[in-house]
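One structure is given below, encoded as structure tokens.
Residue numbers (our numbering): 75 to 348.
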């Protein structure tokens with residue numbers, strides 16, 4: 075069985091960098107996708123998006139909050155969605171975006187949730203508590219841990235850009251140099267911060283970068299691609315999920331995903347030509 079980083083590297087060889095975000099908001103899901111219950115609706119909608127976009131995706135990223143807010147039925151829905159994705163597209167990475175962490179035994183339980191309750195290939199985790207608290211995640215050598223480094227929101231700089239060097243850069247350098255003994259670390263860096271992204275890439279030249287923030291958050295695909303260079307996953311969620319509110323939602327999602335995929339390819343091509 076391939077490790078998460080091996081899955082990624084195989085997809086990068088095919089020129090795939092688009093991560094399809096699965097953030098299913100029940101208030102926005104098209105009526106055509108609705109089934110008899112919230113659980114069935116979440117599963118049907120997400121699986122329809124997966125089937126429509128899986129051929130061009132490097133990964134799927136499910137935000138745990140959109141499922142957990144539905145209680146036990148949401149947890150079951152996410153489990154079913156992961157199972158479908160693994161069966162339909164076993165070569166495509168599945169990330170659960172939970173931004174977990176705690177210390178000691180609590181961190182052990184969060185790691186069990188990420189990789190046991192949800193059999194994800196990768197997870198997003200908060201490094202703020204330090205390396206000792208992160209060991210329960212780091213020890214999963216066949217998984218991939220994307221550590222929060224510089225998030226895509228407008229208020230990210232309040233803490234993450236504080237200091238000299240700024241906190242986000244210290245996180246990137248520290249994880250790259252000292253945490254990656256199992257070759258299973260990556261970083262979350264918002265595509266809304268291309269200059270800072272370039273600085274991260276300089277201190278972490280080999281780490282996979284998960285880049286949220288394109289689409290509705292208006293992250294710059296060209297600038298982010300140039301800054302990241304390679305070994306990145308560019309996440310788009312709402313612009314793909316809700317490309318249509320009609321019965322053609324899956325078809326329109328596929329078209330939106332293909333458009334972004336082509337834009338990334340063009341951006342990479344312009345770097346090579348330059």
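Yeah, the Cβ is synthetic: ideal placement off N, Cα and C, and Gly gets one too. Since we're looking at a predicted model, the values are computed, not measured.
Can you give me the start and stop residues for the alpha helix (DSSP H) that residue i sits inside?
i: residue 120; result: 112-127
i: residue 264; result: Unbroken run through residue 264: none, as it is neither H nor E.
i: residue 196; result: Taken as a continuous stretch (DSSP letters only), residue 196 belongs to no alpha helix (DSSP H), being part of the beta strand (DSSP E) at 196-199.
i: residue 179; result: 178-186
i: residue 381; result: In this structure the chain extends from 75 to 348, so residue 381 is not present and cannot be described.
i: residue 192; result: From DSSP, residue 192 is part of no alpha helix (DSSP H); its letter is neither H nor E.
i: residue 203; result: First-last for residue 203: undefined, no H or E at that position.
i: residue 288; result: First-last for residue 288: undefined, no H or E at that position.
Please classify residue i: does DSSP put it in a helix, a strand, or coil?
i: residue 167; result: strand
i: residue 173; result: strand
i: residue 108; result: coil
i: residue 145; result: coil
i: residue 306; result: strand
i: residue 281; result: coil
i: residue 70; result: The chain is shown only over 75 to 348; residue 70 falls outside these bounds and no answer can be derived.
i: residue 228; result: coil
i: residue 100; result: coil
i: residue 273; result: helix
Would you mind working out which of the options sits nearest residue i, comparing C-alpha positions?
i: residue 268; options: 300, 243, 261 and 249; result: 300
i: residue 193; options: 206, 178, 115 and 172; result: 172
i: residue 209; options: 182, 221 and 224; result: 182
i: residue 124; options: 252, 327 and 343; result: 327
i: residue 215; options: 221, 196 and 127; result: 196
i: residue 81; options: 189, 218 and 122; result: 218
Using a Cβ-Cβ cut-off of 9 Å, state whether residue i counts as contacting chain B.
i: residue 226; result: Absent from the structure: chain B. Only one protein chain is present.
Can you name the start and end residues of the beta strand (DSSP E) that residue i belongs to?
i: residue 131; result: 131-137
i: residue 221; result: 218-224
i: residue 95; result: 92-96
Is it the case that the Cβ atoms of residue i and residue j are separated by a distance below 9 Å?
i: residue 289; j: residue 311; result: yes
i: residue 319; j: residue 279; result: no
i: residue 265; j: residue 314; result: no
Cβ contact (3+ pairs, closer than 8 Å) linking the region 86-100 and the region 117-134: yes
Inter-stretch contact at 8 Å, needing at least 3 Cβ pairs: the region 97-116 / the region 140-150: yes
Inter-stretch contact (C-beta, 8 Å, three-pair minimum) for the region 105-125 and the region 281-288: no
Segment contact flag, the region 164-171 with the region 204-214, C-beta cutoff 8 Å, min 3 pairs: Two segments are said to touch when three or more pairs of C-beta atoms, one from each, lie closer than 8 Å; by this definition the region 164-171 does not touch the region 204-214.
Contact between the region 151-168 and the region 321-332 (3+ Cβ pairs under 8 Å): no
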